[in-house]
Amino acid sequence: MINKLFIKLSILILFTGLVFSFSSCSDDSVTAPPVAVVVPEPDMSSFMKIDSGYVIGASAYMTLYAGDSLRTGYNPLYFVLHDSASGVVMTDAHITIQPLNHGNASPVENPDEDAPDGIFKGAMVFTQSFTDSPLHWHLTFTVHNHQAQGEPEGEIEFSTPVILPNPDFFKSIIMPDSTALYLSNITPYTPAAGLNNFEFLISKNEPQLYPPDGSYSIEMNPVFLADGHTTTGNVTPVGSSNGHYYGKINFDQSGAWRINLIISKNGHTYATYFDMSY
């Protein structure tokens with residue numbers, strides 16, 4: 017009888033230990049790196065390289081690209097990270113964009129932490145252009161490396177780039193209720209005949225925060241500047257939670273167009289526009 021009781025207790029203790037062992041493996045505090053996913057080197061030949069360097073403390077090497085020269089308004093940014101020890105392309109990391117211009121930040125969209133193709137995609141709104149010397153923008157990036165032992169974190173500051181003016185695609189406005197906003201056109205960057213996707217971003221000009229705001233109502237009227245005619249078939253932009261507004265513009269003739277916009281909320285309105293040509 018005693019032997020049977022001892023055997024039952026032994027089995028119970030062993031089972032309890034196995035359960036504890038399995039539950040411990042799922043503990044979020046475990047910092048062992050996951051098995052690295054090997055992806056081919058991204059083809060960045062169609063992008064413009066901005067800068068590159070080692071992210072001190074993060075065991076990573078970062079290369080920053082853009083689709084074109086940096087300018088005021090919305091700039092998509094593309095990051096490629098390599099593990100500085102193995103050289104493999106990283107696909108799992110947190111990247112935080114931290115711009116400063118004379119102590120003031122600007123609107124940013126940090127990349128998702130997963131980049132299956134090895135390209136981390138983010139964006140930044142430059143609120144001022146500078147082409148003189150010394151230049152004014154300071155671009156700092158932090159990297160939290162999920163693929164290295166201990167998930168190290170570090171930061172890097174890149175050389176300050178030239179920021180070109182882009183008044184047709186970027187507006188700084190103040191609503192009648194004193195709310196300061198930035199409007200940044202995203203598409204169409206290169207318009208074409210027919211129906212074009214129209215997308216822009218509204219960010220509040222609140223220093224150090226710059227939150228996106230998708231709560232405004234929009235009225236839109238595209239006008240061909242040569243003769244003042246407009247078009248039909250346009251789709252009025254509607255805001256989303258990330259501050260992006262999506263609509264469609266119909267262009268029926270090549271030349272210069274003005275996209276007239278009326279921004280409204282709580283009885284307050286402001287008229288502005290984007291200019292574009294094709």
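Letter by letter, the sequence shown follows residues 17 to 294 in the working numbering.
All C-beta atoms in this analysis are idealised placements derived from N, C-alpha and C, irrespective of residue type, glycine included.
Nearest candidate by alpha-carbon position, reference residue i, set the options
| i | options | result |
| --- | --- | --- |
| T88 | V71, P58, P183, I279 | P183 |
| E169 | N161, F214, S270 | N161 |
| D67 | A121, T176, S188, A139 | T176 |
| V55 | K281, S62, Y81, H98 | H98 |
| S270 | Y81, N282, P207 | P207 |
| F185 | M236, R274, T158 | R274 |
| L217 | G255, K65, S293 | G255 |
| F174 | A287, D268, P115 | P115 |
| E235 | M140, S280, S61, Y198 | S280 |
| S85 | S102, M140, D59, I135 | M140 |
| P238 | Y232, L80, G210 | G210 |
| Y81 | K65, N91, Y90 | K65 |
| P92 | A109, H110, K137, T79 | K137 |
| H154 | S194, V178, E129, I135 | V178 |
| T79 | V159, Q144, T143, H118 | V159 |
| T195 | G283, V53, N276 | G283 |
| T156 | N117, H245, N250, Y90 | N117 |
Neighbourhood of residue i by C-beta distance below 6 Å, restricted to the same chain and skipping five residues each side
| i | result |
| --- | --- |
| T285 | I278 |
| A131 | T107 |
| N258 | P228 |
| P296 | Limits of the chain in this structure are 17 at one end and 294 at the other, which puts residue 296 out of reach. |
| A242 | G271 |
| M60 | Y81 |
Beta bridge counterpart(s) of residue i as assigned by DSSP
| i | result |
| --- | --- |
| Q114 | T156 |
| Y205 | Answer by DSSP bridge pairing: none, since Y205 is not bridged. |
| N213 | K264 |
| H245 | In DSSP, H245 forms no bridge with anything. |
| M78 | G69, L97 |
| V105 | H98 |
| S145 | According to DSSP, which records beta bridges pairwise, S145 is partnered with nothing at all. |
| S233 | S280 |
| G138 | L93 |
| Y289 | N276 |
| L86 | Paired residue(s): none; L86 is not in a bridge. |
| A196 | I190 |
| S219 | Y198, P228 |
| F185 | According to DSSP, F185 bridges with nothing at all. |
| F240 | W273 |
| F174 | L155 |
| M60 | Its beta-bridge partners do not exist; DSSP assigns none. |
| V251 | K264 |
| E125 | A139 |
| E169 | H160 |
| N120 | N117 |
Whole-Å CB distance - residue i paired with residue j, under 8 Å assumed
| i | j | result |
| --- | --- | --- |
| T252 | N266 | That pair is no contact at about 12 Å. |
| V71 | E167 | Rounded, the Cβ-Cβ distance is 13 Å, inconsistent with contact. |
| N126 | T112 | 6 Å |
| N213 | S188 | No, N213 and S188 are not in contact; Cβ-Cβ is about 24 Å, not under 8 Å. |
| Y226 | A121 | 7 Å |
| E57 | V124 | Not confirmed; about 26 Å, so no contact. |
| Y77 | S100 | 5 Å |
| Y261 | G230 | 7 Å |
| F290 | N201 | 5 Å |
8 Å Cβ shell around residue i - same chain, five flanking residues per side excluded
| i | result |
| --- | --- |
| F63 | Y81, A82, G83, Y94 |
Cutoff 7 Å; reference residue i; Cβ partners in own chain excluding five residues on either side
| i | result |
| --- | --- |
| Y232 | I218, G255, I279, S280, K281 |
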